[in-house]
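Its first residue numbered 2, the sequence shown is counted upward by one per residue in my numbering. All residues carry an ideal CB built from backbone N, CA and C; glycine is no exception. Remember, it's a predicted structure, so these values are computed and weren't measured experimentally.
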Amino acid sequence: MSTVPRPSAAAAALLQGAVTTRFTPHPAFRELSRLRQDQADAPARLRLVLSVYPHLVERMVSAGPGSAEPREGMGQAVADGINLFGFRAMHATAMLSCVVHPFDGVTHHLDAVSFWRRAALAAATGSAVGATAGGGLDEDAAIAGLLVHLGWLALDQSGAQYLDRLETAADGNPPTEDHEIDAFGFSIRELTATLLRAWETPPEITRAAVDASVGVDGSALAGVLLQGLAAADAILAGEEPEPAVALSIRGRVGSTQALLTRVDALLSGVMLQ
């Protein structure tokens with residue numbers, strides 16, 4: 002039994018509200034999270050977003066051949082990058098930048114680079130699995146994979162005392178949802194859901210990300226995310242993912258190591274922006 006007194010419902014609501022208010026979405030998040038390659042106007046819409054927010058892909062385009070543009074010319078340069086790099090690559094880069102953007106504060110218990118490396122890799126592996134499944138799950142997984150554990154990062158950046166309190170509630174054991182509720186009056190899964198709803202994330206992506214955060218295969222997309230997370234953890238541990246997942250990855254980028262190299266290059270550019 003936890004020795005930590007459970008917060009009142011009012012205190013729990015106050016904390017959730019404070020965290021949600023602190024981590025507001027990038028202005029382009031809502032539009033980008035609804036943009037899909039098969040939409041007739043997708044290239045034009047992405048071009049418009051990037052002309053307004055060129056910083057989302059600035060380092061990617063600056064590193065491209067013949068694209069050493071002065072800052073004042075970056076708006077057109079990044080829009081033209083769709084032709085150079087392709088819709089998917091530009092969209093994925095902009096999406097990652099959007100999600101990382103609100104979390105530029107100090108972490109206390111979590112390592113920010115490790116957190117985002119796992120999230121970006123899970124998005125990439127989930128996208129590879131989703132491409133095999135079809136039905137647009139690859140694009141949804143590429144977004145949802147970034148969002149699965151945002152509640153943890155938001156809570157950690159809100160102050161060291163919160164995950165300290167969870168450690169106390171768990172009393173040396175791996176924390177469970179019951180421990181989270183004892184510590185905060187809500188689960189971190191619920192915090193992630195609250196945050197994603199406040200960001201106006203597409204409902205199907207919110208549901209799948211929240212389900213996957215606690216290992217629940219509640220939909221086809223959640224199932225893809227769980228496979229992507231397992232594959233990401235295997236790759237980061239220096240192991241091969243499940244054979245079917247490894248085959249999907251090889252079909253896209255050649256090898257799991259090539260995928261990790263690509264993710265690291267993308268993430269380093271985004272985090273330097």
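Give me the residue from the options with the minimum Cα distance to residue i.
i, options, result
"S1", "A170, A184, L267, I250", "Residue 1 lies beyond the residue range present for the chain, which begins at 2 and ends at 274; the question has no answer from this structure."
"E32", "P44, F24, R23", "P44"
"A259", "V225, R198, I236", "I236"
"A266", "W117, T202, A142", "W117"
"V254", "A129, P26, D172", "A129"
"A29", "A231, T202, A210, G252", "T202"
"S115", "A142, M91, L147", "L147"
"A134", "E241, I250, A199", "I250"
"L36", "T25, A199, P26, V50", "V50"
"A105", "A245, S159, L47", "Residue identity differs from the one stated: residue 105 is Asp in this sequence, not Ala. Per the Cα distances, S159."
"H92", "V107, A113, H56, D112", "H56"
"V1", "M272, I189, V217", "The chain is shown only over 2 to 274; residue 1 falls outside these bounds and no answer can be derived."
"T4", "H27, E140, E168, C99", "E168"
In angstroms, rounded to a whole number, what distance separates the CA positions of residue i and residue j?
i, j, result
"T126", "V264", "10 Å"
"V215", "G239", "24 Å"
"G103", "R23", "Note that residue 103 corresponds to Pro in the displayed sequence, not to Gly. Near 8 Å, if we compare the C-alpha coordinates of R23 and P103."
"A145", "Q228", "13 Å"
"V53", "H109", "33 Å"
"R7", "H180", "10 Å"
"D212", "G82", "35 Å"
"G136", "Q162", "43 Å"
"A12", "V101", "28 Å"
"G87", "A170", "48 Å"
"A247", "A123", "13 Å"
"V225", "E59", "30 Å"
"D157", "G18", "15 Å"
"R166", "R46", "44 Å"
"A41", "V217", "34 Å"
"A121", "V271", "11 Å"
Does any residue of chain C bring its CB to less than 8 Å from the CB of residue i?
i, result
"A199", "Looking for chain C here will not work: only one protein chain is present."
If we count Cβ pairs, one from each stretch, closer than 8 Å, do we get three or more for the stretch 216-227 versus the stretch 164-178?
Flag = no, the stretch 216-227 and the stretch 164-178 do not touch.
Can you list the alpha helix (DSSP H) stretches of 4 or more residues lying completely in the stretch 86-110, in chain order?
88-101
With a cut-off of 8 Å, do at least 3 Cβ pairs link the stretch 150-157 to the stretch 191-198?
By the Cβ test, the stretch 150-157 is in contact with the stretch 191-198, since at least three Cβ pairs between them sit closer than 8 Å.
Write down every uninterrupted run of the alpha helix (DSSP H) in the stretch 192-254 whose length is 4 residues or greater and which is fully enclosed by it, in chain order.
204-214, 221-237, 244-254
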